[in-house]
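Residue numbers (my numbering): 6 to 172. Report on one structure; see the data block that follows.
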């Protein structure tokens with residue numbers, strides 16, 4: 006009878022000792038995030054968001070965890086690191102749209118709210134909104150409010166805020 010009690014105690018001790026070892030591995034995996042950007046032309050580019058990447062891009066207000074940055078900050082990083090083999094570089098990060106699992110990633114959301122996987126590469130599709138002649142940052146901001154129905158009816162045509170883009 007004493008032998009099974011000793012065996013049970015040993016098994017419980019082994020399980021308790023294994024638990025603390027697995028926790029650091031989970032914490033370490035959230036310190037980097039693998040992303041593959043898929044451009045409309047079919048070109049792929051993979052990179053890893055980690056503490057060094059965030060420091061190199063001088064992203065303020067982060068804890069070093071890539072899941073804490075916003076989608077907007079990721080778009081700015083992609084725009085700054087624009088590659089020659091991609092489509093023509095847009096005028097600013099405002100023209101970049103990121104799509105993950107068929108949904109646009111909202112600029113204000115942190116990456117941790119975007120269902121990104123920390124264990125494997127995340128494929129994110131990148132679409133570039135075409136710029137019209139004369140577009141600039143001020144124009145983009147001022148035309149967003151001109152999408153109401155009253156503006157279209159009163160002008161007799163399409164308002165400057167209305168656009169149709171087929172991806």
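Beta carbons are placed, not taken as given, at the ideal position from N, Cα and C, and that holds for glycine. Note that the coordinates shown come from a computational prediction; the quantities given were computed from them, not determined experimentally.
Counting along the chain, where does the beta strand (DSSP E) carrying residue i start and finish?
{"i": "residue 43", "result": "37–44"}
{"i": "residue 72", "result": "Segment: none, residue 72 is in no beta strand (DSSP E) and carries neither H nor E."}
{"i": "residue 171", "result": "Taken as a continuous stretch (DSSP letters only), residue 171 belongs to no beta strand (DSSP E), as it is neither H nor E."}
{"i": "residue 132", "result": "127–133"}
{"i": "residue 101", "result": "101–105"}
Please classify residue i as buried or exposed, where buried requires at least 16 neighbouring CB atoms within 10 angstroms.
{"i": "residue 70", "result": "buried"}
{"i": "residue 75", "result": "buried"}
{"i": "residue 42", "result": "buried"}
{"i": "residue 142", "result": "Residue placement at residue 142 is poorly supported in this model, since its pLDDT is 49, which falls under 50; the coordinates are not used for a value here."}
{"i": "residue 172", "result": "exposed"}
{"i": "residue 33", "result": "Its pLDDT being 39, under 50, residue 33 is placed unreliably in this model, and the value from its coordinates should be taken loosely. So residue 33 ends up on the exposed side."}
Of the choices the options, whose alpha-carbon is the least far from that of residue i?
{"i": "residue 89", "options": "135, 44, 170 and 36", "result": "44"}
{"i": "residue 40", "options": "57, 109 and 128", "result": "128"}
{"i": "residue 51", "options": "167, 130, 135 and 136", "result": "130"}
{"i": "residue 103", "options": "125, 135 and 80", "result": "80"}
{"i": "residue 108", "options": "53, 132, 59 and 87", "result": "132"}
{"i": "residue 136", "options": "169, 87, 53 and 46", "result": "169"}
Among residues of its own chain, excluding the 5 on either side of residue i, which ones have a beta-carbon nearer than 8 Å to its beta-carbon?
{"i": "residue 72", "result": "35, 38, 115, 116, 117, 121 and 123"}
{"i": "residue 84", "result": "94, 95, 97, 98 and 101"}
{"i": "residue 59", "result": "67, 69, 71 and 74"}
{"i": "residue 28", "result": "At residue 28, the pLDDT of 33 sits below 50, so the modelled position is not reliable; the number obtained from the coordinates is stated separately. Once the five neighbours on either side are set aside, residue 28 has no close Cβ partner at all."}
{"i": "residue 46", "result": "91 and 92"}
Pop quiz: residue i and residue j are said to be a contact at Cβ under 8 Å. What is the actual Cβ separation, rounded to whole angstroms?
{"i": "residue 82", "j": "residue 105", "result": "About 16 Å separates the two Cβ atoms, so there is no contact after all."}
Beta-carbon within less than 7 Å of residue i's beta-carbon, same chain only, minus the 5 sequence neighbours each way: which residues are those?
{"i": "residue 64", "result": "74 and 78"}
{"i": "residue 111", "result": "76"}
{"i": "residue 48", "result": "90 and 91"}
{"i": "residue 31", "result": "In this predicted model, residue 31 has a pLDDT of only 35, less than 50, meaning its place in the structure is not dependable enough to derive any value."}
{"i": "residue 56", "result": "36 and 69"}
List the endpoints of the continuous alpha helix (DSSP H) containing residue i.
{"i": "residue 56", "result": "56–61"}
{"i": "residue 79", "result": "76–85"}
For residue i, collect the residues of the same chain with a Cβ closer than 6 Å to its Cβ; drop the 5 residues on either side in sequence, then sort them by chain order.
{"i": "residue 167", "result": "none"}
{"i": "residue 126", "result": "39 and 41"}
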